[in-house]
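Structure first, commentary second.
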Amino acid sequence: MEVGRVAVLYGRVRAVAGDGSQRLLQPDSPVFAGEVIVTGPDGMVSIVFDDQLQTQLDLGRMSEVLLDDDVHGGTDGLDLQDAVSEVEDIQQALLDPDFDPTLEEEPPAAGLSLSAGDHYYVKFDAIGAEVLPDNPVVTTDSPPDFTAPDPVAGEDRPPVAADLQPVAEPDQVQVEESAAAPRVTAGNLLQNDAPGDGPVTVTGVEIGGVSYTIAPGQTVTHTTPLGGQLSVSSDGSYTYSIQGAILHETHGQGDGLVDQETFTYTVTDGDGDSSRSTLTVHILDSAPRPGRIPT
1 MEVGRVAVLY GRVRAVAGDG SQRLLQPDSP VFAGEVIVTG PDGMVSIVFD DQLQTQLDLG
61 RMSEVLLDDD VHGGTDGLDL QDAVSEVEDI QQALLDPDFD PTLEEEPPAA GLSLSAGDHY
121 YVKFDAIGAE VLPDNPVVTT DSPPDFTAPD PVAGEDRPPV AADLQPVAEP DQVQVEESAA
181 APRVTAGNLL QNDAPGDGPV TVTGVEIGGV SYTIAPGQTV THTTPLGGQL SVSSDGSYTY
241 SIQGAILHET HGQGDGLVDQ ETFTYTVTDG DGDSSRSTLT VHILDSAPRP GRIPT
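Using UniProt numbering, count along the sequence shown one by one with no gaps and you end on 295.
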(Lines of atoms letter the chains of each structure in order from A and count residues from 1; the text may use other names and numbers.)
(Lines give C-alpha, C1' and ligand atoms only; values in the text may rest on other atoms or scores of the structure.)
Protein backbone atom coordinates (compact mmCIF):
# COMPACT_ATOMS: atom_id res chain seq x y z
CA MET A 1 0.00 0.00 0.00
CA GLU A 2 1.35 3.40 -0.97
CA VAL A 3 1.83 5.58 2.12
CA GLY A 4 3.63 8.63 0.72
CA ARG A 5 5.91 10.11 -1.91
CA VAL A 6 9.44 11.50 -2.14
CA ALA A 7 9.40 15.32 -1.91
CA VAL A 8 13.13 16.13 -1.87
CA LEU A 9 16.05 13.83 -2.73
CA TYR A 10 19.82 14.20 -2.92
CA GLY A 11 22.35 11.53 -3.82
CA ARG A 12 21.62 7.79 -3.69
CA VAL A 13 18.56 6.59 -1.75
CA ARG A 14 16.95 3.17 -2.15
CA ALA A 15 13.82 1.40 -0.95
CA VAL A 16 14.10 -2.27 0.10
CA ALA A 17 10.87 -4.30 0.02
CA GLY A 18 10.05 -7.19 2.31
CA ASP A 19 11.04 -9.74 -0.36
CA GLY A 20 14.52 -8.20 -0.63
CA SER A 21 13.96 -6.40 -3.93
CA GLN A 22 15.45 -2.92 -4.16
CA ARG A 23 14.75 0.19 -6.20
CA LEU A 24 16.42 3.57 -6.44
CA LEU A 25 14.18 6.45 -5.43
CA GLN A 26 13.69 9.54 -7.53
CA PRO A 27 11.83 12.78 -6.77
CA ASP A 28 8.06 12.03 -6.59
CA SER A 29 8.69 8.26 -6.29
CA PRO A 30 6.00 6.47 -4.21
CA VAL A 31 6.93 4.64 -1.01
CA PHE A 32 5.00 1.69 0.38
CA ALA A 33 4.21 0.33 3.83
CA GLY A 34 6.74 -2.23 5.02
CA GLU A 35 9.62 -0.89 2.90
CA VAL A 36 12.97 0.02 4.42
CA ILE A 37 14.35 3.39 3.25
CA VAL A 38 18.17 3.37 3.12
CA THR A 39 20.31 6.45 2.39
CA GLY A 40 23.89 6.18 1.10
CA PRO A 41 26.98 8.20 2.09
CA ASP A 42 25.75 11.09 -0.05
CA GLY A 43 22.01 10.48 0.24
CA MET A 44 19.32 12.63 1.87
CA VAL A 45 15.55 12.36 1.43
CA SER A 46 12.32 13.98 2.61
CA ILE A 47 9.14 11.88 2.38
CA VAL A 48 5.64 13.34 2.77
CA PHE A 49 3.06 10.77 3.95
CA ASP A 50 -0.52 10.56 2.75
CA ASP A 51 -2.11 11.13 6.17
CA GLN A 52 -4.35 14.13 6.75
CA LEU A 53 -1.56 15.98 8.56
CA GLN A 54 0.84 15.48 5.63
CA THR A 55 3.49 14.19 8.02
CA GLN A 56 7.04 14.62 6.70
CA LEU A 57 9.96 12.25 7.35
CA ASP A 58 13.52 13.63 6.85
CA LEU A 59 16.48 11.24 6.64
CA GLY A 60 20.16 12.25 6.46
CA ARG A 61 23.15 10.33 5.18
CA MET A 62 23.72 6.68 6.14
CA SER A 63 20.22 6.31 7.63
CA GLU A 64 17.76 3.43 7.61
CA VAL A 65 14.09 3.38 8.65
CA LEU A 66 11.20 0.90 8.35
CA LEU A 67 7.94 2.41 7.10
CA ASP A 68 5.62 0.82 9.66
CA ASP A 69 2.51 2.23 11.36
CA ASP A 70 4.63 4.09 13.92
CA VAL A 71 6.37 6.01 11.13
CA HIS A 72 3.74 6.69 8.49
CA GLY A 73 0.78 7.04 10.90
CA GLY A 74 -1.13 3.91 9.98
CA THR A 75 -4.73 4.59 11.05
CA ASP A 76 -4.03 8.10 12.37
CA GLY A 77 -6.15 9.50 9.59
CA LEU A 78 -9.08 7.32 10.62
CA ASP A 79 -8.66 8.21 14.33
CA LEU A 80 -8.61 11.89 13.48
CA GLN A 81 -11.77 11.55 11.43
CA ASP A 82 -13.49 9.73 14.33
CA ALA A 83 -12.40 12.48 16.73
CA VAL A 84 -13.77 15.17 14.43
CA SER A 85 -17.08 13.31 14.20
CA GLU A 86 -17.25 12.94 17.99
CA VAL A 87 -16.61 16.68 18.51
CA GLU A 88 -19.38 17.50 16.05
CA ASP A 89 -21.77 15.18 17.96
CA ILE A 90 -20.91 16.86 21.28
CA GLN A 91 -21.35 20.33 19.82
CA GLN A 92 -24.75 19.31 18.48
CA ALA A 93 -25.76 17.84 21.86
CA LEU A 94 -24.76 21.03 23.70
CA LEU A 95 -27.49 22.82 21.80
CA ASP A 96 -30.01 20.76 23.82
CA PRO A 97 -30.69 22.61 27.15
CA ASP A 98 -31.40 19.29 28.91
CA PHE A 99 -28.00 17.73 27.95
CA ASP A 100 -25.63 17.09 30.91
CA PRO A 101 -22.17 15.94 29.68
CA THR A 102 -21.17 14.75 33.19
CA LEU A 103 -24.00 12.25 33.15
CA GLU A 104 -24.36 11.26 29.51
CA GLU A 105 -20.72 11.19 28.25
CA GLU A 106 -18.43 8.22 28.88
CA PRO A 107 -15.66 8.79 31.49
CA PRO A 108 -12.11 9.24 30.15
CA ALA A 109 -10.13 6.09 29.50
CA ALA A 110 -7.34 7.12 31.86
CA GLY A 111 -6.34 9.99 34.10
CA LEU A 112 -7.74 11.83 37.05
CA SER A 113 -11.36 12.81 37.55
CA LEU A 114 -11.39 16.47 38.59
CA SER A 115 -14.16 18.25 40.44
CA ALA A 116 -14.72 21.97 40.68
CA GLY A 117 -12.16 23.77 42.81
CA ASP A 118 -9.74 20.81 43.16
CA HIS A 119 -6.19 20.72 41.75
CA TYR A 120 -3.23 18.39 41.93
CA TYR A 121 0.45 19.16 42.22
CA VAL A 122 3.83 17.42 42.37
CA LYS A 123 6.14 18.09 45.31
CA PHE A 124 9.93 17.79 45.21
CA ASP A 125 12.00 17.62 48.41
CA ALA A 126 15.60 18.91 48.25
CA ILE A 127 17.67 16.36 50.21
CA GLY A 128 21.14 17.58 49.15
CA ALA A 129 22.17 14.20 47.70
CA GLU A 130 24.77 14.12 44.93
CA VAL A 131 24.69 11.67 42.05
CA LEU A 132 27.79 11.25 39.89
CA PRO A 133 27.61 9.58 36.49
CA ASP A 134 29.36 6.25 36.28
CA ASN A 135 30.99 6.01 32.84
CA PRO A 136 33.12 2.90 32.25
CA VAL A 137 34.79 4.47 29.21
CA VAL A 138 38.17 6.03 30.02
CA THR A 139 38.65 9.28 28.12
CA THR A 140 41.90 10.55 29.69
CA ASP A 141 44.26 8.53 27.48
CA SER A 142 45.78 9.84 24.29
CA PRO A 143 43.56 9.68 21.22
CA PRO A 144 43.84 6.59 19.03
CA ASP A 145 46.08 6.61 15.99
CA PHE A 146 44.43 6.40 12.61
CA THR A 147 46.39 5.04 9.68
CA ALA A 148 45.47 6.42 6.30
CA PRO A 149 44.61 3.67 3.81
CA ASP A 150 46.89 3.03 0.89
CA PRO A 151 45.84 4.92 -2.22
CA VAL A 152 43.88 2.89 -4.72
CA ALA A 153 45.62 2.69 -8.05
CA GLY A 154 43.50 4.02 -10.87
CA GLU A 155 42.65 1.99 -13.90
CA ASP A 156 45.23 2.31 -16.67
CA ARG A 157 43.56 3.39 -19.85
CA PRO A 158 45.30 3.53 -23.21
CA PRO A 159 45.76 7.05 -24.55
CA VAL A 160 43.30 8.11 -27.22
CA ALA A 161 45.12 9.09 -30.39
CA ALA A 162 43.88 12.20 -32.18
CA ASP A 163 42.66 11.74 -35.76
CA LEU A 164 44.82 14.19 -37.70
CA GLN A 165 43.44 15.45 -40.99
CA PRO A 166 45.60 16.14 -44.05
CA VAL A 167 45.42 19.70 -45.40
CA ALA A 168 46.32 20.29 -49.05
CA GLU A 169 47.53 23.82 -49.79
CA PRO A 170 47.37 25.53 -53.23
CA ASP A 171 50.48 25.35 -55.44
CA GLN A 172 51.51 27.90 -58.07
CA VAL A 173 54.32 27.79 -60.65
CA GLN A 174 55.30 29.86 -63.69
CA VAL A 175 56.67 28.81 -67.07
CA GLU A 176 57.69 31.01 -69.97
CA GLU A 177 56.61 30.01 -73.43
CA SER A 178 59.36 29.90 -76.02
CA ALA A 179 59.24 29.15 -79.69
CA ALA A 180 62.73 27.74 -79.65
CA ALA A 181 62.06 24.63 -77.51
CA PRO A 182 59.52 23.18 -75.08
CA ARG A 183 59.66 24.64 -71.58
CA VAL A 184 59.32 22.38 -68.53
CA THR A 185 58.60 23.11 -64.85
CA ALA A 186 58.51 20.51 -62.06
CA GLY A 187 57.80 20.26 -58.32
CA ASN A 188 56.00 18.27 -55.64
CA LEU A 189 52.38 18.85 -54.68
CA LEU A 190 52.91 17.52 -51.12
CA GLN A 191 55.76 19.89 -50.27
CA ASN A 192 53.55 22.48 -48.53
CA ASP A 193 50.71 20.17 -47.38
CA ALA A 194 49.96 19.05 -43.79
CA PRO A 195 50.49 15.27 -43.63
CA GLY A 196 47.64 14.05 -41.35
CA ASP A 197 47.93 10.45 -40.04
CA GLY A 198 50.54 8.25 -41.67
CA PRO A 199 52.01 8.65 -45.15
CA VAL A 200 50.17 11.00 -47.52
CA THR A 201 49.86 10.29 -51.23
CA VAL A 202 48.20 11.91 -54.21
CA THR A 203 45.19 9.74 -55.04
CA GLY A 204 43.44 11.77 -57.75
CA VAL A 205 43.79 14.62 -60.23
CA GLU A 206 41.38 16.47 -62.53
CA ILE A 207 42.81 17.82 -65.80
CA GLY A 208 40.61 19.65 -68.28
CA GLY A 209 37.42 18.20 -66.80
CA VAL A 210 38.78 14.63 -66.86
CA SER A 211 39.22 12.95 -63.46
CA TYR A 212 41.91 10.33 -62.82
CA THR A 213 42.41 7.99 -59.87
CA ILE A 214 46.10 7.52 -59.05
CA ALA A 215 47.07 4.21 -57.44
CA PRO A 216 50.22 3.89 -55.28
CA GLY A 217 53.30 4.04 -57.53
CA GLN A 218 51.27 5.18 -60.55
CA THR A 219 51.82 8.25 -62.77
CA VAL A 220 49.08 9.92 -64.83
CA THR A 221 49.89 12.02 -67.93
CA HIS A 222 47.37 14.15 -69.81
CA THR A 223 47.39 16.89 -72.46
CA THR A 224 45.96 20.12 -71.05
CA PRO A 225 43.41 22.41 -72.76
CA LEU A 226 46.18 24.90 -73.72
CA GLY A 227 48.27 22.19 -75.30
CA GLY A 228 50.63 21.59 -72.39
CA GLN A 229 51.34 18.20 -70.88
CA LEU A 230 50.91 17.47 -67.14
CA SER A 231 52.25 14.35 -65.40
CA VAL A 232 51.35 13.65 -61.73
CA SER A 233 52.64 10.73 -59.60
CA SER A 234 51.25 9.26 -56.38
CA ASP A 235 54.26 10.54 -54.42
CA GLY A 236 53.25 14.13 -55.31
CA SER A 237 55.90 14.81 -57.95
CA TYR A 238 54.71 16.49 -61.15
CA THR A 239 56.04 17.95 -64.40
CA TYR A 240 54.40 20.45 -66.72
CA SER A 241 55.76 21.08 -70.21
CA ILE A 242 54.55 23.42 -72.92
CA GLN A 243 55.49 23.54 -76.58
CA GLY A 244 57.01 26.55 -78.29
CA ALA A 245 53.78 27.60 -79.97
CA ILE A 246 50.35 27.04 -78.36
CA LEU A 247 46.80 28.08 -79.05
CA HIS A 248 45.98 30.63 -76.36
CA GLU A 249 42.55 30.83 -74.77
CA THR A 250 42.70 34.41 -73.59
CA HIS A 251 45.53 36.25 -75.26
CA GLY A 252 47.08 36.20 -78.67
CA GLN A 253 50.48 34.65 -79.10
CA GLY A 254 53.29 37.09 -78.49
CA ASP A 255 51.28 39.69 -76.56
CA GLY A 256 53.48 39.40 -73.45
CA LEU A 257 50.54 38.67 -71.10
CA VAL A 258 50.03 35.69 -68.80
CA ASP A 259 47.71 32.76 -69.50
CA GLN A 260 47.13 30.10 -66.85
CA GLU A 261 45.83 26.58 -66.30
CA THR A 262 44.45 25.24 -63.01
CA PHE A 263 44.26 21.57 -62.03
CA THR A 264 42.59 20.02 -58.95
CA TYR A 265 44.29 17.21 -57.02
CA THR A 266 43.34 15.03 -54.01
CA VAL A 267 45.64 13.82 -51.21
CA THR A 268 44.83 10.96 -48.79
CA ASP A 269 46.56 10.04 -45.49
CA GLY A 270 47.21 6.64 -43.93
CA ASP A 271 43.76 6.18 -42.33
CA GLY A 272 41.73 7.37 -45.34
CA ASP A 273 41.20 11.07 -44.59
CA SER A 274 41.47 13.22 -47.73
CA SER A 275 41.81 16.86 -48.78
CA ARG A 276 41.64 18.70 -52.12
CA SER A 277 43.58 21.66 -53.50
CA THR A 278 44.81 23.11 -56.81
CA LEU A 279 47.93 23.50 -58.93
CA THR A 280 47.95 26.69 -61.00
CA VAL A 281 50.46 27.07 -63.88
CA HIS A 282 51.04 30.65 -65.05
CA ILE A 283 52.22 30.74 -68.67
CA LEU A 284 54.13 33.87 -69.65
CA ASP A 285 53.62 34.46 -73.37
CA SER A 286 56.90 36.08 -74.36
CA ALA A 287 56.49 38.84 -76.88
CA PRO A 288 59.09 40.05 -79.38
CA ARG A 289 60.69 43.22 -78.12
CA PRO A 290 61.28 46.03 -80.64
CA GLY A 291 64.97 46.88 -81.15
CA ARG A 292 66.63 50.03 -82.34
CA ILE A 293 67.07 50.08 -86.07
CA PRO A 294 70.50 51.48 -86.92
CA THR A 295 70.61 54.36 -89.40
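Cβ atoms here follow ideal geometry from the backbone N, Cα and C, with glycine treated the same way. Because the structure is a prediction, the values reported are computed rather than measured.
Taking a contact to require three or more Cβ pairs closer than 8 Å, the segment 160-177 and the segment 207-224 do not qualify as touching. Cβ neighbours of Val-3 within its own chain (closer than 7 Å, five residues either side excluded): Val-31, Phe-32, Ala-33, Phe-49, Asp-50, Leu-67, His-72. With respect to the 8 Å criterion, Phe-263 and Ile-207 are classified as neighbours on the basis of their beta carbons.
The three-state secondary structure of Asp-58, taken from DSSP, is strand. Going by DSSP, Asp-70 is part of the alpha helix (DSSP H) stretching over 69-72. Burial check for Leu-25: the Cβ neighbour count within 10 Å reaches 16 or more, so the residue is buried. As for any beta strand (DSSP E) of minimum length 3 sitting wholly inside the segment 10-58, the runs are 13-16, 22-24, 30-32, 36-39, 44-49, ordered along the chain.
Ranked by how close their Cα comes to the Cα of Gly-196, the residues Ser-233, Asp-273, Ser-63 have Asp-273 in first place. Bridge partners of Val-8 according to DSSP: Ser-46. Nearest to Pro-225 by alpha-carbon distance, out of Asp-42, Tyr-240, Arg-12, is Tyr-240.
Looking at Pro-166, Asp-134, Thr-266, the one whose alpha-carbon comes closest to that of Pro-199 is Pro-166. The three-state reading of DSSP puts Leu-230 in strand, counting E and B together. One thing to note: Leu-284 has its Cβ no nearer than 8 Å to the Cβ of Asp-171.
Contact between Asp-58 and Ser-46 holds: their C-beta atoms lie close to 5 Å from each other, under 8 Å. Here the alpha carbons of Asp-269 and Gly-227 stand approximately 32 Å from one another.
In the DSSP secondary-structure assignment, Asn-192 is not bridged to any residue. DSSP places Ser-85 in the helix class (H, G or I) of the three-state scheme.
As the crow flies, the alpha-carbon of Ser-233 is around 25 Å from that of Asp-259.
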